[in-house]
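Numbers 18 to 273, taken from this note's numbering, label the letters of the sequence shown in order.
To start, the structure itself, in structure tokens.
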Amino acid sequence: MRKWYFSMNERSDAAYERLAKAAVVSCLQNTSLAPHCLYDGAANAFTQWLEQRGVALCFHRAEFLDPLFEAAQSNEAYRNMARGAFLRVEIPLVERHERFILYTDVDVLFLADVSPFPILPKVFACAPQFLPTDYSYFNSGVMVMNVEAMRAEYRGFIRFIRERFSTLEAFDQGALNLYFANRWERLPTLYNWKPYWGEYSQAKIVHFHGPKPEMIEQWLRGDASELSPLIQSLLKMNPAGMAAYLKTYRTYASQT
């Protein structure tokens, strides 16, 4: 497995561009993976930054979303987030050379080389959502994909998304958990380690799931009143881990 994919929408909050840049820097420094970005939007300063660092860009739009947005009367903020998130569903249409790829959300850091992976799944492999031992529901922020298998499932999965769109939670993650129930494989947590689980010296990919670095900074300043109850509860789980991985993030963000 040689390629890392992430996806972005040009109307995403600027904070996600900052996260993506730190992720790219960490990938280039610590892994042998080749970064690839699916980008919904036009060329701009951010895409130029990516290209200057050797990130392979594919300008792509998930066309199936347009009528779904209209039918659900979703607001602009939701559309902007969803356009980036749902792009991971499109990877099998774009990637035609590799059988297995690594996908992550942009809010990750690569702390060590991840190749070779311990599992090459029949469809895909993911780690748990909130608790490191609870594999009843997976977090799709890090996925090892069998591209051929996902391509074969594409039409059926898109049909499923269309049927359930108005009830889906967490964008396509909810759909993935429902549609592929009992067909996904377990990815060790060291490939999707959350700061609220504490520090872990063996972690290869740290995922700022929930509280993002700027939220952690806000919380450490004692100014967390505007953060949601869920975010605040996660922040309180392991303050030392939060602070440690925030420091690591700053190291890579300073190089962007």
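A virtual CB, placed ideally from N, CA and C, is assigned to each residue, including glycine.
For the alpha helix (DSSP H) containing Asn61, list its first residue and its last residue. Run containing Asn61: none; DSSP gives neither H nor E here.
Counting pairs of Cβ atoms below 8 Å between the segment 112-132 and the segment 175-183, do you hit three or more? no
Among Leu74, Ala169, Asp124, which one has its Cα closest to the Cα of Leu263? Asp124
Where Trp201 falls: helix, strand or coil (DSSP): coil
Which residues in the same chain have their Cβ closer than 7 Å to the Cβ of Trp210, if we skip the five residues on either side of it in sequence? Tyr217, Ala220, Ile222, Val223, His224
In the DSSP output, which residue or residues are listed as bridge partners for Val161? Leu119, Ala142
According to DSSP, which residues form a beta bridge with Trp214? Answer is none; Trp214 lacks a bridge partner.
What's the gap between the Cα of Arg179 and the Cα of Ala257? 42 Å
By the three-class DSSP mapping on this structure, what secondary structure does Ser49 have? coil
Please check the pair Phe141 and Val161, which I expect to be a contact at CB under 8 Å, by giving their CB distance rounded to whole angstroms. 6 Å
Taking one C-beta from the segment 183-201 and one from the segment 100-117 each time, how about it: are there three or more such pairs within less than 8 Å? yes
Could you check the C-alpha separation between Glu170 and Pro109 for me, to the nearest Å? 10 Å
Which residues in the same chain have their Cβ closer than 8 Å to the Cβ of Ala60, if we skip the five residues on either side of it in sequence? Phe76
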